[in-house]
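Notes for the one structure printed next.
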Amino acid sequence: MMKTEEGESFLACVTFAAPSVILDTDKLPPEPSRTQCPQCQQFVVTETSTSISSVTWLVCVMTALLGCVAGCCLIPFCSNKFKSITHRCPKCRTSIATLKKL
Ligand SMILES: [Zn+2]
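Throughout the sequence shown, residue numbering follows numbering that gives the first Met the number 0, covering 0 to 101 in sequence.
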């Protein structure tokens, strides 16, 4: 990424290409984001990992019980709404924030 002052003013206009640093970990989106690691104080792009929660299984079972075809059963696994997302620091592996859905 560009690090010059000129580069930053340019990138500020292109928010999609270079998302701003999010210091409030409660406001992290469910995708990798720029933030400051509370552990090593580095500005990093977080690594996200999703974990399928028990709610996902519950939704899956309920969908199956309602008589949907097998395809419907897989929908919850494709949707981040039913997953919890963990942001990790790529440098020190600290878990910075966990987003829980539902
Ligand atoms: Zn760190």
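Where is the CB? At the ideal position from N, CA and C, for every residue including glycine.
8 Å Cβ cutoff met for residue i and residue j
i	j	result
I21	R33	yes
Three-state class that DSSP yields for residue i in the structure shown
i	result
K82	strand
L98	strand
R92	coil
V20	coil
T45	coil
V13	Confidence in V13 is poor, its pLDDT being 46 and thus under 50, which makes the residue's placement unreliable; the coordinate value appears in the next sentence. Three-state result, V13: coil.
Pairwise C-alpha distance: residue j and residue i
i	j	result
C36	I95	7 Å
Q47	V60	First, the amino acid is wrong: residue 47 is Thr here, not Gln. Spanning the two alpha carbons is a distance of roughly 27 Å.
L27	Q38	17 Å
W56	C88	28 Å
V58	D23	31 Å
P29	S19	15 Å
T85	L65	31 Å
A63	D25	34 Å
P124	Q40	Because the chain is modelled from 0 through 101, residue 124 falls outside the range shown and cannot be assessed.
Identity of the residue in the options nearest residue i by Cα
i	options	result
R92	L64, K99, V44	V44
F42	I84, K90, E30, K82	K90
Cut-off 6 Å between Cβ atoms - residues of its own chain near residue i, not counting five sequence neighbours on either side
i	result
V13	Residue placement at V13 is poorly supported in this model, since its pLDDT is 46, which falls under 50; the coordinates are not used for a value here.
Residues of its chain near residue i, where Cβ-Cβ distance is below 8 Å and the 5 sequence neighbours each way are ignored
i	result
T97	S83, I84, T85, H86
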